[in-house]
Every structure is written in structure tokens, then in C-alpha cells.
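From first to last, the protein sequence lines stand for chains R, Y, S, U, L and F.
Per our numbering, residue 19 is the first one in the first sequence, and the count goes up by one each step.
Per our numbering, residue 19 is the first one in the second sequence, and the count goes up by one each step.
Per our numbering, residue 19 is the first one in the third sequence, and the count goes up by one each step.
Per our numbering, residue 8 is the first one in the fourth sequence, and the count goes up by one each step.
Per our numbering, residue 8 is the first one in the fifth sequence, and the count goes up by one each step.
Per our numbering, residue 8 is the first one in the sixth sequence, and the count goes up by one each step.
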Amino acid sequence: MFDLKRAFTVFGIIAVLALMNIVFVQNGYSKSADGMNITESHSKSIAKESPMEGLAKFISYTGFRNARAGNIIMILVGLFFIFLAIKYDYEPLLLIPIGTGIIIGNIPFFQDGGINLQLGIYQDGSVLNYLYYGVTKGIYPPLIFLGIGAMTDFSSLISNPKLMLLGAAAQVGIFLTFLGALFLGFNMPEAGAIGIIGGADGPTAIFLSSKLANGGIINGLETRNLIGPIAIAAYSYMALVPVIQPPIMRLLTNKKERTIRMKPPRAVSKLEKVIFPIVALILTTFISPGALPLLGMLFFGNILKESGVTKRLADTARNSLIDIVTILLGLTVGASTQADVFLTSQSILIFILGALSFIVATAGGVLFAKVMNVFLKEGSKINPLVGAAGVSAVPDSARVVQTEGLKYDPSNHLLMHAMAPNVAGVIGSAVAAGIMMSFLM
Amino acid sequence: MFDLKRAFTVFGIIAVLALMNIVFVQNGYSKSADGMNITESHSKSIAKESPMEGLAKFISYTGFRNARAGNIIMILVGLFFIFLAIKYDYEPLLLIPIGTGIIIGNIPFFQDGGINLQLGIYQDGSVLNYLYYGVTKGIYPPLIFLGIGAMTDFSSLISNPKLMLLGAAAQVGIFLTFLGALFLGFNMPEAGAIGIIGGADGPTAIFLSSKLANGGIINGLETRNLIGPIAIAAYSYMALVPVIQPPIMRLLTNKKERTIRMKPPRAVSKLEKVIFPIVALILTTFISPGALPLLGMLFFGNILKESGVTKRLADTARNSLIDIVTILLGLTVGASTQADVFLTSQSILIFILGALSFIVATAGGVLFAKVMNVFLKEGSKINPLVGAAGVSAVPDSARVVQTEGLKYDPSNHLLMHAMAPNVAGVIGSAVAAGIMMSFLM
Amino acid sequence: MFDLKRAFTVFGIIAVLALMNIVFVQNGYSKSADGMNITESHSKSIAKESPMEGLAKFISYTGFRNARAGNIIMILVGLFFIFLAIKYDYEPLLLIPIGTGIIIGNIPFFQDGGINLQLGIYQDGSVLNYLYYGVTKGIYPPLIFLGIGAMTDFSSLISNPKLMLLGAAAQVGIFLTFLGALFLGFNMPEAGAIGIIGGADGPTAIFLSSKLANGGIINGLETRNLIGPIAIAAYSYMALVPVIQPPIMRLLTNKKERTIRMKPPRAVSKLEKVIFPIVALILTTFISPGALPLLGMLFFGNILKESGVTKRLADTARNSLIDIVTILLGLTVGASTQADVFLTSQSILIFILGALSFIVATAGGVLFAKVMNVFLKEGSKINPLVGAAGVSAVPDSARVVQTEGLKYDPSNHLLMHAMAPNVAGVIGSAVAAGIMMSFLM
Amino acid sequence: MTLLFKIPDFLEQGITIAITGYVIVFAALVVLFYVFTAVSKILLARTKRHLAKEGRLDQIKEDEIQITGEVSAAIAMALYLHTLLHDEESGKITIKKISKTYTPWSSKIYGMSNFNR
Amino acid sequence: MTLLFKIPDFLEQGITIAITGYVIVFAALVVLFYVFTAVSKILLARTKRHLAKEGRLDQIKEDEIQITGEVSAAIAMALYLHTLLHDEESGKITIKKISKTYTPWSSKIYGMSNFNR
Amino acid sequence: MTLLFKIPDFLEQGITIAITGYVIVFAALVVLFYVFTAVSKILLARTKRHLAKEGRLDQIKEDEIQITGEVSAAIAMALYLHTLLHDEESGKITIKKISKTYTPWSSKIYGMSNFNR
Ligand code: NA
Ligand code: NA
Ligand code: NA
């Protein structure tokens, strides 16, 4: 073994020296001077080259040579996402693809002088670019909603429709964040897209930002492509819901409120479950047609599930189909955080606004539950913790409610009640997205 | 509870008043005058707006404001499809997605003055429009055929090849409907596409109409986009086969014929099952190369199934893949029935022609079986009911044969015999589609 | 039965006569003269036609009429592929779709005079053409790698990293074949694409040839579309690995070497398995960014698998997703062998070069293992047979190693050791593909 | 809507949109609430009517028709706890299963991993 | 092809297409019929030859080589009836299974629903 | 790099690419080799440190920490043999299962074939 290693050292030294060299040279790297030379040498690539020149040229293409601090930072962020997912089980189905996507999107490659090796997500003809169409054209989110519809049980909502209003109340986060973004200098469509982070719903955020902040001209205003930062902010905070929500919930409630017990929901008939998605589809999209791509698909999925006669389609929608789209969506959203595009001051503003929007949304849900309690008679009161589930972030915020509830009364299970505003929050933020589209497109 | 309701009434009244208002205002709605104003107000959307103006503008975007009688009619049709599927189990895998698609495609939205909110299936950039490409480019039907091939057992055909001819005979429905459509004033390619309804095969109908009646210029003739009506007619009548076929079958046969017993088919070896799709692929597509996209995929799927060494591919083709395509195909075909495009006089003509074609096809199959019986010796006679299965509409028409047969002799199971013309009918109509393409493109 | 046959003879004779006629007429078929007439008659298709003229016209569209010797040869090749897959179980998941694809791609159809019936894979608007985009744009191979990553266990590599070098050594086949192709007159990018056949990895070969030999202008040089021959060569030889490798392995080793026993690999911790894909992703793509589309996806899939928290995504990636892509990839790669495009002298050269590259690669792996043994102390020696697995061709070459090993010592199981270079060979050839892209694009 | 400090035009319009938007979101869910309360009542009435026709209404108490759902709550809870358990367990099983598909992307193993799932 | 009433040109051409088309559809399936009758015979002959070589032909009657398929028919029927039963049953099971995946699109539940299928 | 016979320019460049390329492929896998040898050592050291803290290091021999993997090899072998067996078996099962989905693409059968998988 030791002998072998010595032999490898020959290779190793070549490799390490080369790399060292690169890393050092790179520090003095300047786009104008050095970059040009590389491009020149490239354009002559058909001419004679000695092996050493060939190696030098290859080195100019390596990631070591082209890496910027931003790439390294983003790769560390990607690693952190993966760490969070594995270690704390925070939304792993989102954070693992997004985290890996961030790493993949930030592997540095040579792109000076207009040379397109078809590697980066923003380069025409690259695989990532093709897969990214599903994001920029807003195709993936509705397909995700189809799968979500095929796995969602609306029973808790049907059995206690008044909890639906909590899902409406929490959408205040969307509209206040929208105002905040305007105040910070984003233009109308951009602000609308940023606001939707407060909806705590990843696909909705991606969908709306692909329509309102896609780098094109929307309603006469030039927008920047903010899909990446908005999506990352939405998913990050959704994963951090167990960290963000509890302090706010505790701040706005007293111990007596937190121990309110709620009547168990009544059983729901099969017929009601079939009627719900059909009626909800027609009503919500008549009110907010802009929500059609999202809510149309959500309720379509639910019809597949509840009709009882299309089990195989519902199965595929909630398994293979949503999985494939989740993989591609997570990967490309992650990869869209290529450092030179992503690491900007507006990304930081978006992250700050996003955090505030989650806080406001949570507060909105909890406080509205308290307002409702004023009108509700004894025995029908709502545990205001349940209001926090109105932000959507399904099902993590409902789980947070359950966990918090158990802390103050170990036998008071709030999960079932929290599911209703949780699911209503999804409908609410999709309706809000539709409204934003109507006003701003 | 009662207190809470009172509180909600505040919201409720706002909502209901708004809606009432809209519904009434809409009656006096005129595209030229009012529509323009809305567009104008939209173009000024960047200017100042009071909350009431904002609400008014939003209301002009709601479905209530933009609904036409046609939308309501089509939504009711969609509901009826869903009802049929759930209540009577008529082809639920087709009718549920199509029915929901009809509803989604007829949710009214604002589209005056060239404003494109990217919602409708005919609007560039909408999700439905992207998914609809699979229909307009004829991509979904071959993929459906791939899955169908991977789930079809051709044993009954192999064991009794003469029943294949019944599948040819029933295609008379295609050609007579073609003539009927010409007679009613459709041009050549359109008539070809309409004729294929008589093939009683949904994917084939969609495929051929996407080639011959897609709104483009085909062989020098301007065609209308008839994909929607043709597909809806084909699927509707396929679902209604248990209603349409029995009277015709009874009319054309006497009791003695209906009780003919047929020799049970011989067992088929594995080798024959492997050879069949390969030989059939080569022969049928050599005769009618236009059928290649359909029959190539059908027999490819069957090779995956029968080779015995690609089980996992066959499994995926007949499960996830066909399910995903079925969902997207059903949804978009349904949504393509947007009232302003769909509710035309030619749609009505197409429905009438379609009904006739199913009747003619059924009669063709039954009568040809009777003709064959003239030449067949005693003991080898065919039960003419089996001829009705030649229309395809797999497997419903075979089931109808079985059911009808049992009515007159409760121990005479015709299902296995009916499978042969049933499957041959699919091949026959795909060949016919290929022929139409050769003649008319 | 006999009576019936007589009746059919009426039809049969018509058919057979027609076919006979066609076959004979075709022998005198000349593109310039006869072809023009058909085109002319087609352009007049709107004019009057008697039934006989119609039949004649249809016949001019049949496969019998348009078949060339090349089509028949290729169809026989397709049948042979299917035969190999079923009879000898040689890579059936590849050979069945490719074989069927070859048949489908060589069904003759009418395409003179610019008439486009949208049937052939090279005709705009045909289904095959749409599905073929996944090949020409290099989209399918990365998705295959995603699935492969989600089913690959890198344990053997982690437990004995020095075996990795065998996977590097065998890539000599790529670079020597590249030189051979240059020598035979292929230009730089074409030669690079041909060289990759020596990587013994189908998706990598398709990916690189879609970038370097796609019929476009690459780095100033006009290339021919060699995707088809390269892919077919790669897959054919991969399927034939059990035939190609054993003689070379025996030639280059003596009996003593072949019976070397290797220490069983140590157990690998879960943490190592999680770290591996992440570190390998970053390292390999930093060194060769061109490998990002392939290795990024490969290791992404492996992270999905090893993270332990995204089981459902890994399941879908290694089942439905890879199956769907395998079906479409195999079918279209097969169909891309349309005789007039495929049967050229360069295809023959590519096949010869491909065979040599497999031989060189195998020799490279075996010989490098012997070189390593010089430096390794007794007890740590490598069985040089294991080197043959470095060519990739996963897992067939590892199985060949196992089988050969057992021949000389029936209790010496080499499979586990062979898995390491086998998997390393995949990484190695993807790195090599990335290098080729950097140098030649 | 007069604030203490001067707000720019577009912000004022933004406030309009925000207020209108929030009201509409509420309206949408309020409408759903009303409709579903109504739907449930209609279905309940229909059930009662059916039972009345069959002359079994007096035998059954209101409570029994409209099951309080205590049972379903209990089931849900059991499922929830089961899920928590299951999760960790499934993690373990994953690893085991993965170690089983030892050799990688063989066409033969393809078949096997499929078979075992 | 002279009809009693005057038909327009394109209709005449349509009739040509219709007749030719129908004939070709028949031709296609007739060819398949002939080929498959032949294939079956060849395969049967081959089986007989094999048996003859092994000297077992006389022991086996024609009928036994070409199994009449009564058994397979019986099986098929059983399956058909089974399907009918199954259908309704599967409906029920669907509902039960669905009610089990209580909480919706949690990543954790994702995993679970997958696990349980 | 002077050869006996004259080679054209582009071939010389090709040789450059080939040599450089092969070196880099080796470099890539050598780096991976070094890194993974290091990673394994670090993880092993960490495990030892943990054990030392808990004062259990002396109880456990080096060999036991770094399991030699004989067991895992045995398992792998068993699995391999199992695969071989399984393969043929799965072939048979495939045929049986296929014969079971007798009627084709019925929506009802759709449901059934799904149900049975
Ligand atoms: Na929400
Ligand atoms: Na048909
Ligand atoms: Na390789």
C-alpha cells in the first residue's frame, strides 16, 4: 500500500502543483486582460499546440481557474441546505434537490468571449437550460399542484368550514410584503412577485414570479429575473417554519388561549368530498381567474382522488408525476442561483422581506383567530395557535401547531384542526396570486 | 356559531352584492363599448386608483363578469361527464379528466383588447397552451398507444385470426362518415378527420385530426381546428357504447344467431406472442406507412410486454407513462372546448355524424359476421354479436357483446371471442387513419 | 373453414397481385423519372380520380413501393438485435427498444418532391422527430444518469479507492480511438465523438456526439450527424462485452494472476456514502466542468439515494423516470438509423473503430492492474482480471470478470472488487467527455 | 387614507391593490364557507328525507347521522403517531433495501429492483 | 359508378378514396390473417418435427399439441368475473387507503404514502 | 514527440489532446482517491475520538471499528446468486402476470392491473 502511494505521488504532485498554480494565478485574474488572452488562445485552438500548451488551455477551463468567491459561497449554501435536510429533516424533498442544484449551478466554467460550452443554466442549449423552461414558463408549479391535489384530504376543511377564514387571514403577509417591496424600491410587478413569499407556498411563488418578475417587460415595466431569489426565500422559510413560528405564536397568545380544546370535527361523507373540489374549483376561479392554472390543477387532482373511479390516475399524479416534477423543479431552481446572477443586493432585500412576511402571516392567522373568538360562543372557541397554520407551508405549520399545543396540554391534539386553515391557506395564496396577476400583468 | 355568522354577514353582503351587481351588469355587456373601456382602464392601471376603482377593475376580471351563456352550458356538460363517470362508471379514466378539463377550459376570463393573462388554452404562454402542444402536434396519441400495446394481449387474435376480418369490416363507419361529412360541406381533410370518429378510438381520432383538421392549410385547403369536437365526440360515444350498440345488435340478428356457441380458442405459445407484434408491425406499416406513429408505438409496447425480458419498461409504459399522458390528454382535450371556439354549428354536425358512424360501424361488423357465416361450415360459425366488437372502443364493446350474449344464453360467454375483433378494430382504424393521411395530406 | 378461405382468396389475390406488381415495378424505379411522376400525380390529387387511380396512388405510398435494399438490411439488423436480447439476454433493456426503433425507423415511406407526411424521424413535425429532440439536444443522457445515480451503490469504490485508478486506465480506449478516427480522416469534433465509444457508456456516447457530431458547425468545422452510428456502436459492443472481453483478458494474464485472491472490502459507513457523491460531484466537475451535465446528474441521483430522506424521489428517478427515458432514448436512437442516413462508409469505419476501442480499453485496464501489482506488496495485489471492469459497460463487464475468475478458481468471487473500477469507469468516461468538449467545442 | 408622511403615487396605488386584494381573498373563502355550510345542510336534509321515507327517522338520533367524529379523530391521531414512527423506520428500511440492490444499473438488476419494490 | 343524381366532383373523388381505403384496410387485415395462419402452422410443424426426432410423436395426439384452450377459456372467464368483483372492491379499498394518508403533501407524508403503496 | 514518419498537423494536435486528456482523467481519479482515503481516515479518527471520550477505546480493537467486511462480502455474494436465480424466476412470473391481465386497455382493467402490481 505504501509503495503504491509513492507511485501515485508522481501523479499527485502533477495534479496538486497544477491546482496550486491555478489557485494562485487566479487571484491575479482580471477579466479584461487575462480573460482576453484565454479567449484568443481558444480561437486559435485549431493551430498547433504542445502538450504543455494543451494542459494550460485545459486548466483555463477548469473550475479552479474560473471560480469566484461567489461560487464558493453559494456552494457552501448548497451544502448547508443538504445538511439541514439530512440532519434536521427540514423539508428534505425540497432542500436536497435545491441544495444539490445550488452546487451544480455554481460549479464554475469558462464563459468568456461569448464561448458557450452549454453547461450553465443560463446558457442556450444546455440541459439545465432546457429543464429550466418548466420554471420560466410556469409549467412545473401547476403540475406540482395536480399531485398535491391528488394527495390532499379536504375533510377537515369540509367538516369545519369556518376555519377556512384563518387561511384567508394569514394572507395579510402577502399584501404587506408587497407594500414593503414597493417601499424598498421594487417596481409593481416585482413587488407583487416578492409579496407572494408571504403565501408560504413554493409552487405558487415560482408560478407568480415566472409571470411577474421574469426579466421581461410586464405591463410596460422592465422587470428583473427574481425567480431564483424568490423561490429560494420561499422554500428556505418554509423549511424553517418550525423555527420561525413558535416565538410569534407564544408572543401573541396567553396560556389560557393555548389550552383551548376544540370539538372533534364531524365525519365527512364521500359525496361531500366529491362535491368539494368541483364546487371550489368553479367558485374560486370565477372569483379569481388568474388562479386557474394553480387551483384548476389542485382541484383536478383532488377530483381524480375523490371520484373513486380514477384511482390509477390519482396514484400516478401523486407519485411518479409529482416526484419527477419535484426533482426537476428543485434542481433547476437551485441551479438558477448561479452566483453572478443571484448574489445581488436585491436578493438580500428579498430575503429580509421574506422573513418579515412569514412573521406577519403567522401573526395575521393567530390574531384573526382571537378576533373570531370574540364572536364565537363558549365551547365553539378556536384555539388561536391553530391560526398559525393558515400560512400554508403544508404540513409543517400544522405540525408546529400540534407540537406547540402539546407543550401546554399534553393531551390536546390540534393537528386535525390545524389541517383546515393549512389547506385553506394554499387556496388563499393561489387566489392572491391570481389577483396579483389581474392587477399587475 | 350564530354570533360568528352575523359577523361574517359583513363580508358576505359585500361579496354577494358585488356578485349580483356583476351578473346584472353583464347582461348589458357589449364587447365594442364596455369592453373597450375596460381595456382603456387597464392600460391606465399604472395611474392612481382609489380602492373602489381597484375593486371595480378586479370585478371586470372575474369570471362572473366575463361569463357567457356558452361557458355555463359547457361547464354543465363537464359536470355531466363527471356525473356519468362516477355514477355509471362509463370510461371514468377518460370522462373525469375530460369533464374537469371542460370546466377548466370554460372558466371565463378577461381577454378583450388583446390582453393576455396566459390563462386560456388558446392563449400563448399559458400552461394549458404548453400542455396542449401534445395534442396539436400529435404527440400524446402515440404515447397512449405505446401504453396500450404494453397492456394488450393479442392471444385471442392469434388463436383465431379469421375474427380479424370483423375488425376490418367495422371500419366501414369511417369511410361512410367521411362521405357524409363531404356531403355536409366539410372539405376533404376535415371530412377525413371527422370520418375517423367511426373508428371508435380516441387517440387515433385525436392523432388524425391533429394532422388533417388543425386550423392550418392541408394540401392546399384551409382547414378549421376541429380537434376538440372530434375528440369529444369520439370519447363521448365510446363511453356510450353500452347504450348505442345493443339496439343495433338486436335489430340485425335473430335469436338463433345470438345463441351460436363458438369453439373455445386454442392456447397460444409464447413464441407466437413474441412474433405477432413484430410481424404485424412490419406488415401493417408497409401497407399503410401513415399508420406508423400509431401502430409502430402500439406494437413496440407489445414487444416490450411479450419479449419477457423488458418487464420493467412494459410496466412503466402501461402505468406511469400512460397515466401521465392520459391525464394531460384528457385535461387539454376537455379544455379545448372553450365555448367561443367549440359551440358552433359544425360541432353539432360532427356530433350527428359521429353518432351515425358508430351505428354504421356496429352494423358493419355484425353484418359481415353474417356474411362470413354463409361460407363457414357448421360448427365453425361465428356468433354475429361478436361482429359488434369490431368497432374497437376497447374493451367496452367486447363487454357489451358478452352482456348481450348472456341475455339469450346465460352460459354462452362470448368475451374471449369478442376480444379478437375488438383489438383488430384498433389496428384497422389506425390503418385507415394512415390511409387518410396518404390521400389527404 | 375451407369455404371461408376460398372466399378470402378474392381479397387475397387482389392483395398479393398488387404487392407482386409493386415489388417488380420497384426494381425499375428511378428517382428522377418515376419519382417525378408520382409527385406530379400527387400534386393533382385534388383532381378527379377513378378508384383504380386512387389505388395506384395509394400503392405509390406503401412501404413495398418505397423500400430500398438498405431498409430491408436495417430491418434485419433490428430483428437481430431483438433476437439477441430475447435469446441471449444481452442488455435487453437497451437492445429491445433500439432493435424495435431500427425497424420503425426503416419502414419505408413516400418522401419525394418535398412531400412531408410527418412519419420519419428526420421529418419536421413527426412524433419521432419531437421525441428525437431529447437525443439531439442531449437531454435524455443526463436524465438516464440521474436514474443510474439513484441506483448505484458506490460502497465498493469507497472501501477500496485505489481500484478507482483502473477505471481511469481503461479510458485509454477513448483517446486512442480518437487518434485512430483522426487518422482515418474524421475531423476533430467528429473524432472526439467517435473516441467516446471507447468509454463503453451509452448515454455518455450519445451526449458527447450530440454536442460534437450533430451535423452542425462545431468550432468552425462542419460536422456530420454521427449520433446514430456512434450510439448503435456503443450499445452493440456493450451488449457484446461477454463476447469481446474474455479472449483479451486471457491473452494478457497468466493462470497465477487470474487466481489472485483479494481481501474482502471493509464495510462502509452511511456517512461516507452520503459524503461521497457530494465531494465527488464538486471535485470531478471542478476538474472537468464539461462533465457537469452527466456527473452532476449522476451524483445528484446518488445524493437522492444516500441521503436517506428522499427515498420517494430516488425511487421515482430509478424507476419511472429512467424507464420512460430509456424507452424514448432507445426507440429514437434506433429509429435514427434510417438507411439513407445510416448506411454509409463512415458508419462502417465507426463500427471498426468502436470494436478496437473496446479491445484497447479492456487491455488498458488489465495491463494497468499488472503495473499496479509491481508496486503493491504481497497480500494487497490486485487480480488483473478486475482491470477489465474499468471499461464501464456496467454491470456486464463486472459480471464477465466474475465469470472468468470462477473459471480458474471456483471459489474466488471477484464481483465485488470488479464493481469499483466498473463504476469508476463511468466517472472516468464522463470526465473524458467533458475534456473533449473543452478542447473541441 | 391620509398618512402623516407623504407617500409616492405608486405606493398609494399599491395600497389600493393590497386592500382590494386582501378583501377579495377573504371574499373568496367566505363564499366557499357559505356554500359549504349550505351543501352540508342540504346533504343532511336529503339523508333525513330518505330515512323518513323508509320510516326509520325516529329510530335514529340527530347525533348519529352527523357523527361527531371522535372516532375519526382517534384514528387520525393514531395515524399521525404511526407516521412519526414510520418515518424513522422507513429510513432504516431504505438503507437496508438499498444495500440489497448491490450491483448497479444492470438491465438484469433493473428488473430485479423493480420486482422487489 | 353512375348515380341517379348528380354528385359534385370532390364527392366523386371522396367515393374513390372511401372505396380504395376500405379495400386497403381489408387487405391489411387479410394479409395479417394469412401470415398468422401460416406462422401458426409452421410453429406447429416445427414442434411436431422436434417431437418426432425425440420419437415421442406417436405418443401424443394432435389435439394435445394444439391445446383446445378450454382450460384457458375457463381461466379467462374466472378472471373476468374476478375483475368485475375486484372493481367494486378496489373502489372501496381506494377510499380506505386514501383516508389513511391523512395529512397532505408533507415531505414526510410523501415518504409514507410511497412506503405504503 | 518526434515520430519516424511525418504526421499531419492536426494529428499532432490530436496527440496533444489525447495525452493531456488521459493525464487529466487520471488526475481526476487520483484526486478522488486521495480525498477519499483522507475522508475515511478522518471519519475513523473521529469515531476513535468519540470512543476515547466515552472511555471505551481500549475495549475495542482496531479491526472491530474498521469491519473487514467479510460479512458484507458474504451477503453480497448471496445477493448475487439470488439475483441470478431471481432473474429467471421473474421471467416466469412476468409471463404469468401478463396472461392475467387478460382484457386490454379497459379503464376498468387499468384500475385492476394497477391494483395487482
Ligand atoms: Na398561503
Ligand atoms: Na376501430
Ligand atoms: Na468508461
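All C-beta atoms in this analysis are idealised placements derived from N, C-alpha and C, irrespective of residue type, glycine included.
The secondary-structure analysis by DSSP pairs Asn232 of chain S across a beta bridge with S:Asn243. Inter-residue distance for Pro282 of chain R and Ile91 of chain Y is about 40 Å (C-alpha atoms, whole angstroms). It is roughly 30 Å from the alpha-carbon of Ala187 of chain Y to the alpha-carbon of Arg242 of chain Y. Nearest Cα to Ala373 of chain Y within the set Y:Lys180, Y:Ala85 and Y:Ile215: Y:Ile215. With respect to chain S, the C-beta atom of Thr27 of chain L has a partner C-beta closer than 8 Å. Considering only beta carbons, no part of the segment 419 to 446 of chain R lies closer than 8 Å to chain Y.
Residues of chain Y whose Cβ lies closer than 8 Å to the Cβ of Ala35 of chain L are, in chain order, Ala186, Leu301, Thr302, Ile305, Ser306, Ile445, Gly446 and Val449. Contact annotation: in the segment 342 to 353 of chain R, no residue has its CB less than 8 Å from a CB in chain F. Annotation for Pro264 of chain S: the continuous alpha helix (DSSP H) segment containing it runs Val259 to Leu270. Assignment of Thr355 of chain R by DSSP, reduced to helix, strand and coil, places it in the coil class. Inclusion of Ser177 of chain R and Met437 of chain R in the CB contact set at 8 Å is not warranted, their separation being larger than that value. Counting along the chain, Asn205 of chain Y sits inside no alpha helix (DSSP H), nor does DSSP assign it H or E at all. Closer than 9 Å at the C-beta level to chain Y, one finds these residues of the segment 202 to 233 of chain R: Met206, Phe225 and Lys229.
For the segment 143 to 175 of chain R, residues whose beta-carbon sits nearer than 9 Å to a beta-carbon of chain S comprise Gly143, Ser144, Val145, Leu146, Tyr148 and Leu149. Against chain R, the CB of Ile93 of chain Y has a partner CB under 8 Å away; the residue lies at that interface.
Across the structure, Thr27 of chain L and Gly72 of chain S are spaced so that their CA atoms are roughly 6 Å apart. Put simply, the CB of Ala406 of chain R is far from chain U, with every gap to its CB atoms at 8 Å or more.
Contacts with chain R (Cβ-Cβ distance below 7 Å) from the segment 42 to 60 of chain U involve Val42, Phe43, Thr44, Val46, Ser47 and Leu50, listed in chain order. Distances from the CB of Ser254 of chain R to the heavy atoms of ligand 1 are all 7 Å or more. Contact between the segment 409 to 422 of chain R and the segment 299 to 307 of chain R is not established, with fewer than three Cβ pairs separated by less than 8 Å. For the segment 285 to 298 of chain S, the set of residues with a beta-carbon nearer than 9 Å to any beta-carbon of chain F comprises Ala285, Val286, Ser287, Leu289, Glu290, Ile293, Phe294, Val297 and Ala298, in chain order. Around the beta carbon of Val409 of chain R, 16 or more other beta carbons lie within 10 angstroms, which makes this residue buried.
Residue contact with chain F for Lys180 of chain S: present (Cβ-Cβ distance below 8 Å to some residue of chain F). Going by C-alpha positions, Leu346 of chain Y is about 19 Å away from Leu244 of chain Y. Proximity to Thr362 of chain Y across Y:Gly88, Y:Glu290, Y:Leu164 and Y:Lys75 peaks at Y:Gly88, based on C-alpha coordinates. Closest by C-alpha distance to Phe201 of chain R, out of R:Thr271, R:Glu290 and R:Leu367, is R:Leu367. No heavy atom of ligand 3 is found nearer than 7 Å to the CB of Gln356 of chain S. Around the beta-carbon of Glu396 of chain S, fewer than 16 other beta-carbon atoms lie within 10 Å, marking it exposed. Among the residues facing chain L, Phe76 of chain S is included, as its CB has a counterpart in that chain under 8 Å away. Contact check for Gly238 of chain R against Ile122 of chain Y fails: the beta carbons are separated by 8 Å or more. At least one heavy atom of ligand 2 falls within 7 Å of the beta-carbon of Gly217 of chain Y.
Around Gln136 of chain S, the same chain offers Gly143 and Ser144 as residues with beta carbons nearer than 6 Å, after the five sequence neighbours per side are excluded. Counting of Cβ neighbours within 10 angstroms places Leu94 of chain R among the exposed residues, the total staying below 16. At a cut-off of 8 Å between beta-carbon atoms, Val327 of chain Y makes contact with chain S. Secondary structure note for Ala332 of chain Y: its alpha helix (DSSP H) is the uninterrupted segment Lys329 to Thr334.
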